[in-house]
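Notes follow the structure.
Protein chains: 4
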Amino acid sequence: MPTKKKSQVTAAEPTAGAAARDRRGELLDTAAEVFAEQGYNATTVRKIADHAGMLAGSLYYHFDSKESMLEEILRTFLDELWDGYDTVLAAGLGPRETLEALVTESFREIDRHRAAVAIYQKESRQLLAQERFAFLAESQRRFEKAWLSTLEEGVAGRVFRADLDVRLTYRFVRDTVWVAASWYRPGGQHSPEEIARQYLSMVLDGIAVRT
Amino acid sequence: MPTKKKSQVTAAEPTAGAAARDRRGELLDTAAEVFAEQGYNATTVRKIADHAGMLAGSLYYHFDSKESMLEEILRTFLDELWDGYDTVLAAGLGPRETLEALVTESFREIDRHRAAVAIYQKESRQLLAQERFAFLAESQRRFEKAWLSTLEEGVAGRVFRADLDVRLTYRFVRDTVWVAASWYRPGGQHSPEEIARQYLSMVLDGIAVRT
Amino acid sequence: MPTKKKSQVTAAEPTAGAAARDRRGELLDTAAEVFAEQGYNATTVRKIADHAGMLAGSLYYHFDSKESMLEEILRTFLDELWDGYDTVLAAGLGPRETLEALVTESFREIDRHRAAVAIYQKESRQLLAQERFAFLAESQRRFEKAWLSTLEEGVAGRVFRADLDVRLTYRFVRDTVWVAASWYRPGGQHSPEEIARQYLSMVLDGIAVRT
Amino acid sequence: MPTKKKSQVTAAEPTAGAAARDRRGELLDTAAEVFAEQGYNATTVRKIADHAGMLAGSLYYHFDSKESMLEEILRTFLDELWDGYDTVLAAGLGPRETLEALVTESFREIDRHRAAVAIYQKESRQLLAQERFAFLAESQRRFEKAWLSTLEEGVAGRVFRADLDVRLTYRFVRDTVWVAASWYRPGGQHSPEEIARQYLSMVLDGIAVRT
DNA sequence: CATGAATGAGCATTCATTCAT
DNA sequence: GATGAATGAATGCTCATTCAT
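Line by line, the protein sequences give chains H, E, L and S. Everything in the first sequence is counted per full-length UniProt numbering, starting at 1 for the first residue and increasing by one. Everything in the second sequence is counted per full-length UniProt numbering, starting at 1 for the first residue and increasing by one. Everything in the third sequence is counted per full-length UniProt numbering, starting at 1 for the first residue and increasing by one. Everything in the fourth sequence is counted per full-length UniProt numbering, starting at 1 for the first residue and increasing by one.
Next up, the structure:
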């Protein structure tokens, strides 16, 4: 777990007196990593505790339950995601620029919250049924609305092709972006921005040579 | 598992209209549906049995284990997938036509094996580590090779854009196609071919209006 | 299972019209073999059926239950054992000759009912508690009485040493004789009579050189 | 499992009189008792837990599996048995004295490890096939070698009768000694030494009156 | 804060047994 | 007589969770 140690060190510096990345935060990172790696159901509380160097029971001093850890991980991720998205959406850009900005922002979130995105991608469907995770459904609604209206405005404004099935296109784009969390590795060959550029190039202009 | 497939086929003939598929096949379909719906780990053997109208223990008359059901589901799907893919790849089409055929074939497989594809999508990463599911890794290698070489030939033949990052493009395409299993519903608005056409239109020509 | 086939052949000859060794008898032999080999609890009905070349359920045409097979195996063995013992005990021999005859008869029973003896040795303790196997306790009582009185008469008649603890001696002799079923193999180096002779020589005269 | 034994010993010192044995040790004793009483297969984990006053699942905090409990019970017994045997064998006694010492030591082990001996007696044959219990086979080989060579030296040195079939004698002696665990009750009428004396008297000098 | 020990509900699996065909 | 398919109770084991220390 080199990630953990590093984040500890990094976190210790900027914030002086307030114990910025407290134990709780570390533990959530650890849990997210294991959830993403092995799946939520397959992850036992003991595995998380092992990774954190403590015993399973000790985790319950910090958290109410395994589920509450999951909830907090997803909530934190979605909060930050919407910070970014809302900024983009409030900027009043044109449809194409909005789409570019949303895609780029999404890959940046994957870069910062890879584990949480992977968990979200894999577990959200099951989770949606539960009262506790209603915020996931709410987020999905807002998400869909943001993307659909961007696409629709683009079609209306003749920036995007008139023959576009916007619902289908929305699904294609949404899926590809988030599934990227399953293969993306921070610090790898491509920066989030580079990946976004490549993806946008494909989606906007196609891969076929223009004739 | 060629024996099983054969006996299914044989059984389809004598009994006209009724009970063409044997019990084993029915049970696998049921299991696949539940696995896809709830996830493999979260699916208890009792749930499968409930859906099949029998008791949990009775499943063990037909199958060795929950895991062997999963294996058979995935094997059957991959066998049929490769039947289709191999036909396409052996046809000697150009890169663009090959890509179109592969995408179309993929959406057709999703149409026929929606549950299996969804399971594959969600569980294969965990499964790969197990000896028993080594065939998944093998399939993945062949899959990657087929797609990468198609894209590379397209670039070399100036059918696809020269500035394409083929590995990245491969990932985007692969993900979008298969994730579609998570929202696709057979018998819905769009036929597999229609979805393939829309997707190909986006990937090949882009969604931006040409200026 | 060469034993099975042989016993079938052997049995088919002497008794002509009456189907001497019927299917039931064969099945009991098979079951006894497996019980002796793997232990009663560890023997599944399916294993017995496998050895007999049929399916587990089919055994229930011949027998009420697994337990009834065990009962019949032990009953048959004990009936024959007591035939032999009663003959010896009724012969009015002296204590030493009676002891010799009982030991010899015992090793002969092991030769003829090796599996049953092994089962008896291993399972009787557990079985005793059950109503159904009360005949085992009854047999044990008679057995103990026969041996104890033989030893006591021998001590009284100064044939056996006066300082003998007859209960302890009884236990030693009883155990050694029956445990022999666990290593004895019919058709091996030593005939039952030879083993009896060796054992009697040890017990009666000791292994130490007389000085 | 040397670590465990050590920790037990260490624990015995600081706590004077009370709770010298740790929970693990207690549980193993309980398990051994139940295994001996009901047979390993017939003993459910729930029964052990009942005897220990806890729930079945709780046992798994202390042990990996039912089988690992069995292994530890048998290992502990055999370790202590060989401590005793090795001391005897290293003492350089004559064959008769060695035999006397081995028999006495054996009855002492039965006194101290009655349950383990009973389990060994009943289950070792089945267990031998498993990799995990290979140490049983190893112990058996050493055991046989120790006894056979003692008998052979006795015959060669004219301490034991020249007409002895040593293999057969070995089996008789081995069986009688260990089967005693099935009827021996610690704290009963006879001390282990008394039983050993009686048994040795029978085996060495015979029960017949010398004429 | 953390540990050690336990709980209790649930899980995959086994198996003797039943029964219509 | 035997099969194929099912039952239902039990089994070894896992795991989230609790709590006194």
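Every residue, glycine too, gets a C-beta built ideally from N, C-alpha and C.
Annotation for Ser106 (chain L): the continuous alpha helix (DSSP H) segment containing it runs Pro95 to Arg112.
From the listed residues L:Val177, L:Ala180, L:Arg23 and L:Asp163, the smallest Cα separation to Gln198 (chain S) is found for L:Asp163. With distances taken between CA atoms, Arg141 (chain E) lies nearest to E:Leu78 out of E:Ala116, E:Leu93, E:Leu78 and E:Arg158. In the three-state reduction of the DSSP assignment, Phe63 (chain E) falls in the coil class, being assigned neither a helical nor a strand state. According to the DSSP assignment, Gln140 (chain S) belongs to the alpha helix (DSSP H) that extends over Ala134 to Ala156.
Residues of chain E with a Cβ closer than 8 Å to the Cβ of Phe160 (chain H) are, in chain order, Ile207, Ala208 and Val209. The C-alpha of Ile119 (chain H) is placed about 15 Å away from the C-alpha of Ile48 (chain H). Among the residues of the region 170 to 198 of chain E, those with a Cβ less than 8 Å away from any Cβ of chain H are Arg171, Phe172, Asp175, Thr176, Val179, Ala180, Ser182, Trp183, His190, Ile195 and Gln198, in the order of the chain.
Listed along chain S are Gln38, Gly39 and Ala42, each with a C-beta nearer than 8 Å to that of Gln126 (chain L).
Here the C-alpha atom of Ser124 (chain L) lies approximately 29 Å from the C-alpha atom of Gly53 (chain S). By the Cβ-count criterion, Lys145 (chain E) is exposed, with fewer than 16 other Cβ atoms from all chains shown falling within 10 Å of its own Cβ.
In its own chain, leaving out the 5 sequence neighbours on each side, no residue places its CB closer than 8 Å to the CB of Glu131 (chain E).
Of the candidates H:Ala129, H:Glu138, H:Phe135 and H:Leu168, H:Leu168 places its Cα closest to the Cα of Leu148 (chain H). Glu131 (chain H): not part of any alpha helix (DSSP H); DSSP gives it neither H nor E. Arg46 (chain E) has a beta carbon lying at 8 Å or more from every beta carbon in chain H. For Val203 (chain L), the closest of S:Gly94, S:Val173, S:Asp111 and S:Leu74 by C-alpha to C-alpha distance is S:Val173. Assignment of beta strand (DSSP E) within the region 172 to 205 of chain S, counting only whole runs of 3 or more residues, yields no such run. The alpha-carbon separation between Ala36 (chain S) and Ala134 (chain S) amounts to approximately 21 Å. Here Val177 (chain H) has Ser106 as same chain residues with Cβ atoms under 6 Å from its own Cβ, once five neighbours each way along the sequence are excluded.
Straight across, the Cα-Cα distance linking Glu152 (chain H) with Val209 (chain H) is about 26 Å. The region 107 to 114 of chain E makes contact with the region 70 to 87 of chain E, as at least three CB pairs between them are under 8 Å. Cβ neighbours of Val88 (chain E) within its own chain (closer than 7 Å, five residues either side excluded): Thr98, Ala101, Leu102 and Glu105. Legend: CB atoms of the region 54 to 65 of chain H lying less than 7 Å from CB atoms of chain E are not found in any residue. Beta-bridge annotation (DSSP): Ala115 (chain E) is not paired with any residue. A Cβ-Cβ contact shorter than 8 Å links His62 (chain L) with Arg23 (chain L).
Proximity of chain L to Met69 (chain S) at the Cβ level (cut-off 8 Å) is not reached, the minimal Cβ distance being about 17 Å.
For Lys122 (chain E), a Cβ of chain H is located within less than 8 Å of the residue's own Cβ. Per DSSP, the unbroken alpha helix (DSSP H) holding Phe35 (chain L) starts and ends at Arg23 to Gln38. Excluding five sequence positions before and after Pro192 (chain E), the CB atoms of its chain that fall closer than 6 Å to its own CB belong to Phe107, Arg108 and Asp111, given in chain order. In the structure shown, the three-state DSSP call for Ala208 (chain H) is strand. Leaving aside the five residues that flank Leu128 (chain H) on each side, the residues in its chain whose CB is nearer than 7 Å to its CB run, in chain order, Leu136 and Ala137. In this structure, the straight-line span from the alpha carbon of Gly57 (chain S) to that of Ile73 (chain S) is close to 20 Å.
One alpha carbon belongs to Tyr85 (chain E), the other to Thr76 (chain E), and they sit about 14 Å apart.
Sequence-distant Cβ neighbours of Ala32 (chain E) in its own chain, meaning closer than 7 Å and more than five residues away, are Ile73, Ala115, Ala116 and Ile119. The beta-carbon distance between Val159 (chain E) and Gly92 (chain E), rounded to whole angstroms, is 15 Å. This is too long to meet the 8 Å contact definition.
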